[in-house]
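Following: one structure in structure tokens, then a few remarks.
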């Protein structure tokens, strides 16, 4: 038997309440959270029932995210000039990091999408997930205060902030290594994960880099990109001191 609109709304509130509780999302107003998880394609297909998508909340959340991360970096690195702070912030506040954060608590499974967007894989699309994460931030900010949303953001962005602390967020050692080995007539550079430990939200990766089949560097980081950069940096030092 098909449910009426009132029953569907009650089920949605129950779903979102569980979702918020299980993932420690500090939103009390389920209308705000529901809007944060409503894609414009859903509104276009339900104009008589739904009037608000998540784009305004995404706009607000983007501004709050920018402020929180900017403030953290400003306080964390008091000697850095504006240019370094800007590059560091850009490495943290980006679509990829927002989408990864959204994936950790399965935002895609709770999005309201239009049928076409659903069929085309919208629940796992990076842009939709990243935008939804920012919209959730906007909802948390409106429903709480700055301190609450700041703790939420810094907790979920810890992995990316740690990369800034490691100092490998800005310089591309992999490209430098590739250029160096090409000058020496070498052609094959390969990165391999030696091992990984820890849960997905706090994983440590060990990476080795091989040049023409010989291991020339090791790196450890919170993700593959960071570990590979460190491995490339060590390999460059090894080659330059040969």
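Numbering (the UniProt record's numbering), first residue to last: 1 to 242.
Every residue, glycine too, gets a C-beta built ideally from N, C-alpha and C.
*Note down, one range per segment and in chain order, each alpha helix (DSSP H) of at least 4 residues found wholly within the segment 135-164.*
The segment 135-164 contains these whole alpha helix (DSSP H) runs: 146-156.
*Inspect the beta-carbon positions of residue 32 and residue 110 and report whether they are closer than 8 Å.*
Numbered from its first residue, the chain shown carries residue 32 at position 32. Numbered from its first residue, the chain shown carries residue 110 at position 110. The answer is no: Cβ separation not under 8 Å.
*Could you tell me the boundaries of the beta strand (DSSP E) in which residue 221 lies?*
Here the question's residue 221 lines up with position 221 in the chain shown. DSSP places residue 221 in the uninterrupted beta strand (DSSP E) bounded by 214-221.
*Would you kindly work out how many angstroms separate the C-alpha atoms of residue 148 and residue 141, rounded to a whole number?*
Against the chain shown, residue 148 aligns to sequence position 148. Against the chain shown, residue 141 aligns to sequence position 141. About 8 Å.
*Neighbour-count burial assignment, residue 96, 16 or more Cβ in a 10 Å radius*: Along the chain shown, read from residue 1 onward, the residue named residue 96 stands at position 96. The residue is exposed, with fewer than 16 neighbouring Cβ atoms inside 10 Å.
*asked:* From the DSSP secondary-structure annotation, give me the bridge partner or partners of residue 89.
replied: Taking the first residue of the chain shown as position 1, residue 89 is located at position 89. DSSP links residue 89 through a beta bridge to no other residue.
*Considering only residues of the same chain and omitting the five flanking positions on each side of residue 40, which have a CB-CB separation below 7 Å?*
As a first step, residue 40 must be located in the chain shown, where it is residue number 40. Excluding sequence neighbours, residue 40 sits near 53 and 55.
*With DSSP run on the structure shown, which of helix, strand or coil describes residue 107?*
The residue given as residue 107 occupies position 107 in the chain shown. Helix.
*Under a three-way DSSP split, which group does residue 25 fall into?*
Reading the chain shown from its first residue, position 25 is the one you call residue 25. Per DSSP, reduced to three states, the secondary structure at residue 25 is coil, with no helix or strand assignment.
*Straight-line Cα distance separating residue 48 from residue 219*: Here the question's residue 219 lines up with position 219 in the chain shown. Here the question's residue 48 lines up with position 48 in the chain shown. Their Cα atoms are separated by approximately 55 Å.
*asked:* Going by DSSP, what residue range makes up the alpha helix (DSSP H) through residue 226?
replied: The residue given as residue 226 occupies position 226 in the chain shown. Taken as a continuous stretch (DSSP letters only), the alpha helix (DSSP H) holding residue 226 covers 224-240.
*Grouping DSSP H, G and I as helix and E and B as strand, with all else coil, what is residue 112?*
Indexing the chain shown from 1 puts residue 112 at position 112. The answer is strand: DSSP assigns residue 112 an E or B state.
*Thinking C-alpha only, which one of 63, 86 and 65 is nearest residue 74?*
Stepping through the chain shown from its first residue, residue 74 is reached at position 74. Minimum Cα distance to residue 74 is reached at 86.
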